[in-house]
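Visitor:
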Amino acid sequence: MKKSLFKIPRIVLCCVLLLATSVARADGTGKLQFLYTAYLDVPALISNMLASCEQFDPSTRVELQRLYDQWNQKHGRYQKELQQLLFKLLSEQMGEAKAQEFIAHLKNRSSE
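With mature numbering (1 follows the signal peptide of the UniProt record, and there is no 0) applied, the sequence shown covers -26 to -1, 1 to 86.
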């Protein structure tokens, strides 16, 4: 198994990608999709997915839950870190109250 020459934490990579979209003057769609993804309610989505899979094959629930728990243990913290960094950036740009309002809007839209 080859080892990567660059061991960049994913959170740094995500922030670089967010900044790159600003510099590249890409349309707002990509940046907005990134923000929606950052604020997705992953545990709720997983529970809905598990319930749906269980309808088709009840034996899959235990294995899928184990895989999600394993993923969440390794990678779940990155979403929280990303949310904190985005909140800080948005607060600096638009003020804390407007940033909270915007994030609430994102959470509402991403759960629809």
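Using N, Cα and C, we set each Cβ at its ideal position, and we do this for glycine too. Quick caveat: nothing in here was measured; it's all calculated off a predicted structure.
1. Distance check for residue 83 and residue 18, CA to CA, integer angstroms please.
2. Sort 39, 43 and 13 by Cα distance to residue 24 and report the nearest one.
3. Answer with buried or exposed for residue 75, where buried requires no fewer than 16 other C-beta atoms within 10 angstroms of its C-beta.
4. For residue 31, name the three-state secondary structure that DSSP assigns.
Guide: Put simply:
1. 14 Å
2. 39
3. exposed
4. coil
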